[in-house]
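Residue numbers (UniProt numbering): 1 to 289.
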Amino acid sequence: MTDLIVDVKGLQVTGLNKKEALPLVKGIDFQVAKGKVVGVIGESGSGKSISMKALMGILPEKVTSEQSHYQFDGQDVNDASNLPIAMIFQDPMTSLNPLRKISYHLAEIIFRHDSDIADQEAEKLAVEVLKQVGINQAEKRLNQYPFELSGGMRQRVIIAMALLANPALLIADEPTTALDVTIQAQILALLKKLQLERNLSIVLVSHDFGVIAGMCDYVKVMYQGRIVEEGTVEEIFYSPQHAYTKKLLASADLDSDENVIYDVSQDDKTWQYITISPTHRYLKEVAHD
């Protein structure tokens, strides 16, 4: 990939408890090209979401990260929490205060980015962004509480909140999992529309290969804290090389125990990437003499 918005090398994420340090992400390289959609797929616990939080600098307590190299839009990164990255989470209700109206949630972001903006202008901006994400009767919605909106509409509000931050990179972490199939399609279509209109870079985290196929330019397959294969959508779908990728493509349920093929987490093993093309590579164990 050329002209990168994100370029991270050697990302490690570690969870700390009283007895030991637990490796959650094991030295991955992660790149996102400008204006492209990168899918990250894998079963629960593979390291997808925690990797994204590390990129944003929003790791939970007792979880740390380090990397050998981190550039955002060509600039070295010292504090990831200040980067123009916005995140859409799986469950909108975890990001919305049920006791606050929609106007409060939008205003909080507007005033954070422009403390001098007049109240009337802030309201106008809030209405405008709600309309951009396909919410009808935007003025009315401002005065409603999250529980008064449907799940799909709440997710649109979350997307609106993300847009108010003027992100160069949007991370969507399982943005449609809690929605029914029809609403899922609408939300994905909205994300694609916004990506094309704004030339946004997007990372789409999902367990659904169908979603990945319809949305993404590139795919990274994660398993037990490592990227075991990455390539274009066509390369991953039509020429998978890693056994785990092949298993995922043949499976409808990524959370099933049957998907676990072998353990790539043991520290006494040595791994290397086998390059198939400039965009396609997979992880392979190195045989020892």
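C-beta: ideal position from N, C-alpha, C; glycine also. Keep in mind that this is a model prediction, so the values were computed, not measured.
Open item on the list: By alpha-carbon positions, which one of 11, 249 and 183 ends up nearest to residue 238?
Closed with: 249
- [ ] Using a threshold of 9 Å, state whether the C-beta atoms of residue 102 and residue 209 are closer than that.
- [x] no
TODO: Would you mind working out which of 62, 6 and 29 sits nearest residue 18, comparing C-alpha positions?
DONE: Nearest neighbour of residue 18 by Cα position, chosen from 62, 6 and 29, turns out to be 62.
Task: Backbone secondary structure at residue 145 - three-state DSSP - done: coil
Task: Pair within 9 Å by beta-carbon distance, residue 83 and residue 164 - done: no
TODO: Compute the Euclidean distance between the alpha carbons of residue 203 and residue 121, then round it to the nearest angstrom.
DONE: Cα to Cα, the separation comes out at about 31 Å.
Open item on the list: Just verifying my parser: in three-state terms, what is the DSSP assignment at residue 171?
Closed with: strand
- [ ] Using 8 Å as the cut-off, classify the Cβ of residue 218 as near or not near the heavy atoms of the ligand MN, replying yes or no.
- [x] In the structure on display, the ligand MN does not appear, and there are no ligands present to speak of.
Task: Touching by the beta-carbon criterion (3+ pairs, under 8 Å), the stretch 83-97 and the stretch 143-160 - done: yes
Task: DSSP three-state assignment for residue 243, whether helix, strand or coil - done: If DSSP states are grouped into helix, strand and coil, residue 243 belongs with the helices.
Task: Nearest-angstrom Cβ-Cβ length linking residue 86 and residue 167, presumed shorter than 8 Å - done: 4 Å
- [ ] Would you tell me roughly how many angstroms separate the C-alpha atoms of residue 116 and residue 123, rounded to the nearest one?
- [x] 13 Å
TODO: Would you mind listing the alpha helix (DSSP H) stretches within the stretch 29-100 that are 4+ residues and don't spill past its ends, in chain order?
DONE: Within the stretch 29-100, the complete alpha helix (DSSP H) runs of at least 4 residues are 48-56.
TODO: List the residues that DSSP assigns as beta-bridge partners of residue 154.
DONE: Its beta-bridge partners do not exist; DSSP assigns none.
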